[in-house]
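Reading through the structure tokens given below for one structure.
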Amino acid sequence: MASLNVRAALLSVVLLIVLLGIWEALNQPPEASEALSEFELLMGGADEEARVPPPSQVLEHAWDELSNPFYDAGPNDKGIGIQLAYSLFRVLTGFFGAALVAIPLGFVVGMSPLMHKALNPYIQVLRPISPLAWMPLALFIIKDSEKSAIFVIFICSIWPMLINTAFGVANVRQDWIRVARTHELSSLRTAFSVILPAAAPTILTGMRISIGIAWLVIVAAEMLVGGTGIGYYVWNEWNNLDLNSVIFSILMIGVVGMLLDIALGTVARLVQYEE
Amino acid sequence: MSMHFVSIEGLKKEFPVKGGSSLVVFDNINIGIEKGEFVCIIGHSGCGKSTIMNIIAGLDDPSDGVVIMDGREVSGPSLDRGVVFQNYSLLPWLTALQNVNFGVRARWPRWSSEQIEEHSCRYLQMVGLSRSIHRKPAELSGGMRQRVSIARAFATQPKLLLLDEPFGALDALTRGVIQEELIKIWSETQQTVFMITHDVDEAILLSDRILLMTNGPGAHVAESVKISLPRPRDRGTIIEHPGYYKIRNHLVHFLVTRSSQLAGGDNDVETLTVDPIHDKEFSNRRETPDPQPSATASLSNAG
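Note that the protein sequences, when read in sequence, are chains G and L. Sequential numbering of the first sequence, starting at 1, is according to the numbering used here. Sequential numbering of the second sequence, starting at 1, is according to the numbering used here.
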């Protein structure tokens, strides 16, 4: 019997082939009975109704797009690489901006019961707000759609990081705090050399949740603000009725989201420790 | 009283309980420790040994009384008092060497990294660790972890070393080996040590003096037993000394019967100083009830 990994990979490939096969078979255009007029060709052949493009077409399109990802032929025709780069820039800016606020604030909330009690009501009210609900207010105050999108990412990234940091900091083992105290460490040294490494795995978990949410939200945000980015691209291709591009970009959103998660997962492993 | 290097005077700890009253864990604890002395404290669980230790360390505040060390009152933790906790308290994200470095750097912030490392390695060697120093605590056995913890405490060269049941979680064989290492490092450094233990044999092997506590609540130190067995002591030969079982029987007898008889009694009684080997009247006063060593003398580690 082959190892579990080999069998799992085999099963994955079989599933892929079966699903793509079904998708392909269900979406063939009907045979044309007669030669088509030029007009019919232009309108999609003898097809009576619009169809989801079969995977063979999507893959062909994906190959075209990926072989030239950074072309720029005007505002409505940019390569997938450029669109993804815009989205990544917004997500990373908003995300790291949120980290700069959330992690220090989480330390304060986690270390001081007073601050925890004082700030908790605000956190509880602000946290469940859909990040897109901030969009109109952000557009009005910031008066810039690009910055508003970044703000929306900022506001949605902040909560998981803030809550996880506060939780991690508040739950550092008392033994380690006592070690710091018996070694006469200052509060600042204690925070950096004992509490931060002790809480790092929990903080990283929060960051991982945040980046996942940020990547979900950027698509919706860019559909609203328009202009550039993968979310705008999906909506624009829908308006162009180019379903090949829509399906292709959906896949790309998934792939980039996975890569972001893998990247943070790698960092999380670096700060992980075994008790 | 204040002639001692460390003097604990009239220490009392009470906790509020539901209903407005309070529970006195111990009261009127008076202990004097001389420089270079190795003192063990034995008592049943719940008599407040660990609380006394935390108060000496400065991690806990007494309800009444003071701890004076080297002419100064203890108010908060200090590098002058090193602590080894029962659960090792190593930082799990640092290697063994880095854990010791952590203590050394806190003690001498101006030292260079090489100086710190060299100092740490020396102390790790003293406790018999030289090969596994780049491993994290999770990759070390319980005995090795406690060695690192002891090395960290000795390396900071505190004026007083506090050991809170340091071998409680170790198996008997490992415990024996580390006890010997502790004796070795103690005689090399002339460190003053105050240690909590549940193990009668361990206490006799290591101590100059053993303090016996009555059961709580309202515990107090009933006796201070002088261990006048010659040093250097060795685990294998110490039991052959004619005085060994005199001391041991005295301690076991105290723990089994007298610790509860004396419990909650008059706390103003002076702590009795006894020397089971040399006191003439001592051997006349009481027949030793158990001339043979009992296999179950070492008490459970619960606590």
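Glycine included, every Cβ here is placed at the ideal spot set by N, Cα and C.
C-alpha gap between residue i and residue j, whole angstroms
i: ILE129 of chain G; j: GLY254 of chain G; result: 25 Å
i: ILE230 of chain G; j: PRO201 of chain G; result: 31 Å
i: LYS18 of chain L; j: LYS226 of chain L; result: 41 Å
i: ILE178 of chain L; j: PRO232 of chain L; result: 16 Å
i: GLU180 of chain L; j: ARG235 of chain L; result: 8 Å
i: ASP290 of chain L; j: SER259 of chain L; result: Caution is warranted here: a pLDDT of 44 is assigned to ASP290 of chain L, below 50, making its placement in the model unreliable, and no coordinate value can be reported.
i: LYS159 of chain L; j: VAL193 of chain L; result: 9 Å
i: GLY97 of chain G; j: ARG110 of chain L; result: 36 Å
i: ALA172 of chain L; j: ARG81 of chain L; result: 28 Å
i: GLY212 of chain G; j: GLY81 of chain G; result: 20 Å
i: PRO293 of chain L; j: GLY176 of chain L; result: Bear in mind that a pLDDT of 44 at PRO293 of chain L, under 50, signals an unreliable position, so the model cannot answer this.
i: GLU347 of chain L; j: TRP108 of chain L; result: Nothing about residue 347 of chain L can be read from this structure; chain L reaches only from 1 to 303.
i: ASP64 of chain G; j: ALA73 of chain G; result: 15 Å
i: GLU117 of chain L; j: PRO16 of chain L; result: 46 Å
i: LYS147 of chain G; j: VAL172 of chain G; result: 37 Å
i: LEU270 of chain G; j: ARG208 of chain G; result: 14 Å
i: ASN164 of chain G; j: GLY110 of chain G; result: 9 Å
i: LEU84 of chain G; j: ILE158 of chain G; result: 22 Å
i: VAL6 of chain G; j: LEU16 of chain G; result: 15 Å
i: GLU287 of chain L; j: ILE277 of chain L; result: Because GLU287 of chain L carries a pLDDT of 44, less than 50, the predicted location of this residue cannot be relied on, and the following value inherits that uncertainty. When rounded, the distance between both Cα atoms is 14 Å.
i: ILE150 of chain G; j: TYR88 of chain L; result: 47 Å
i: MET3 of chain L; j: ASN30 of chain L; result: 13 Å
i: LEU20 of chain G; j: LEU26 of chain G; result: 10 Å
i: PRO388 of chain L; j: LYS12 of chain L; result: With chain L covering only 1 through 303, there is no way to say anything about residue 388 of chain L.
i: LEU185 of chain G; j: SER120 of chain L; result: 19 Å
i: LYS184 of chain L; j: GLY46 of chain L; result: 31 Å
i: TYR282 of chain G; j: LEU137 of chain G; result: Since the first and last residues shown for chain G are 1 and 275, residue 282 of chain G lies out of range.
Endpoints, the beta strand (DSSP E) within which residue i is located
i: ASN30 of chain L; result: 22-33
i: PHE151 of chain G; result: It is not in any beta strand (DSSP E) - PHE151 of chain G instead sits in the alpha helix (DSSP H) that spans 145-170.
i: PHE38 of chain L; result: 38-42
i: ILE210 of chain L; result: 209-213
i: MET69 of chain L; result: 64-69
i: SER7 of chain L; result: 6-16
i: GLY82 of chain L; result: 81-84
Residue burial classification, residue i (beta-carbon count within 10 angstroms, cutoff 16)
i: PRO160 of chain G; result: buried
i: GLN272 of chain G; result: exposed
i: TRP277 of chain G; result: Because residue 277 of chain G is not part of the residues shown, which for chain G are 1 to 275, the question remains open.
i: VAL267 of chain G; result: exposed
i: ASN249 of chain L; result: buried
i: LEU23 of chain L; result: exposed
i: TYR244 of chain L; result: buried
i: PRO131 of chain G; result: buried
i: ASP77 of chain G; result: exposed
i: LYS304 of chain L; result: Since the first residue shown for chain L is 1 and the last is 303, residue 304 of chain L is missing from the structure and cannot be characterised.
i: GLU60 of chain G; result: exposed
i: MET1 of chain L; result: Only weak support exists for where MET1 of chain L lies, its pLDDT of 45 falling under 50; the coordinates are left without a value.
i: TYR71 of chain G; result: exposed
i: ILE203 of chain G; result: buried
i: SER87 of chain G; result: buried
Run of the alpha helix (DSSP H) containing residue i, from where it starts to where it stops
i: GLU308 of chain G; result: With chain G represented from 1 up to 275, any question about residue 308 of chain G goes unanswered, as that position is not in the structure.
i: LYS49 of chain L; result: 49-57
i: THR197 of chain L; result: No alpha helix (DSSP H) holds THR197 of chain L; the beta strand (DSSP E) holding it covers 192-197.
i: LEU241 of chain G; result: Where LEU241 of chain G is concerned, there is no enclosing alpha helix (DSSP H), given that its DSSP letter is neither H nor E.
i: PRO219 of chain L; result: Note on identity: in this sequence residue 219 of chain L is Ala, with Pro being the wrong assignment. Note, ALA219 of chain L: premise wrong, no alpha helix (DSSP H); not H, not E.
i: LYS117 of chain G; result: 113-126
i: GLY103 of chain L; result: 96-107
i: LEU205 of chain L; result: 200-206
i: LEU11 of chain G; result: 4-26
i: SER113 of chain L; result: 113-126
i: PRO136 of chain G; result: 135-142
Cβ-Cβ separation, residue j to residue i (assumed contact under 8 Å), whole Å
i: GLY335 of chain L; j: VAL25 of chain L; result: Nothing about residue 335 of chain L can be read from this structure; chain L reaches only from 1 to 303.
i: VAL66 of chain L; j: GLU73 of chain L; result: 5 Å
i: GLY106 of chain G; j: ALA214 of chain G; result: That pair is no contact at about 17 Å.
i: PRO318 of chain L; j: ARG181 of chain G; result: Residue 318 of chain L lies beyond the range of chain L shown here (1 to 303); nothing can be said about it.
i: PHE312 of chain L; j: THR189 of chain L; result: Any answer about residue 312 of chain L is impossible in this case: the structure gives chain L only from 1 up to 303.
i: ILE247 of chain G; j: ILE153 of chain G; result: Actually they are not in contact, since the Cβ atoms of ILE247 of chain G and ILE153 of chain G sit about 25 Å apart, beyond 8 Å.
i: ILE8 of chain L; j: ILE196 of chain L; result: Wrong, their Cβ atoms sit about 14 Å apart, outside the cutoff.
i: LEU170 of chain L; j: GLY143 of chain L; result: 6 Å
i: LEU124 of chain L; j: ALA106 of chain L; result: Not really, about 17 Å apart at Cβ, beyond 8 Å.
i: THR271 of chain L; j: VAL221 of chain L; result: 5 Å
i: LEU163 of chain L; j: VAL200 of chain L; result: Contact flag wrong, Cβ pair sits at about 16 Å.
Residue i Cβ short of 7 Å to the ligand SAM heavy atom set
i: GLN191 of chain L; result: In the structure on display, the ligand SAM does not appear, and there are no ligands present to speak of.
Which runs of the alpha helix (DSSP H) fall wholly inside the stretch 136-182 of chain L and span at least 4 residues, in chain order?
-> 142-155
Pick out the complete beta strand (DSSP E) segments inside the stretch 230-281 of chain L, 3 residues or longer, and give them in chain order.
-> 272-274
Whole runs of the alpha helix (DSSP H) within the stretch 178-222 of chain G, excluding any shorter than 4 residues = 187-190
The stretch 170-197 of chain G: positions lying closer than 9 Å to chain C by Cβ = No chain C is part of this structure, whose protein chains are labelled G and L.
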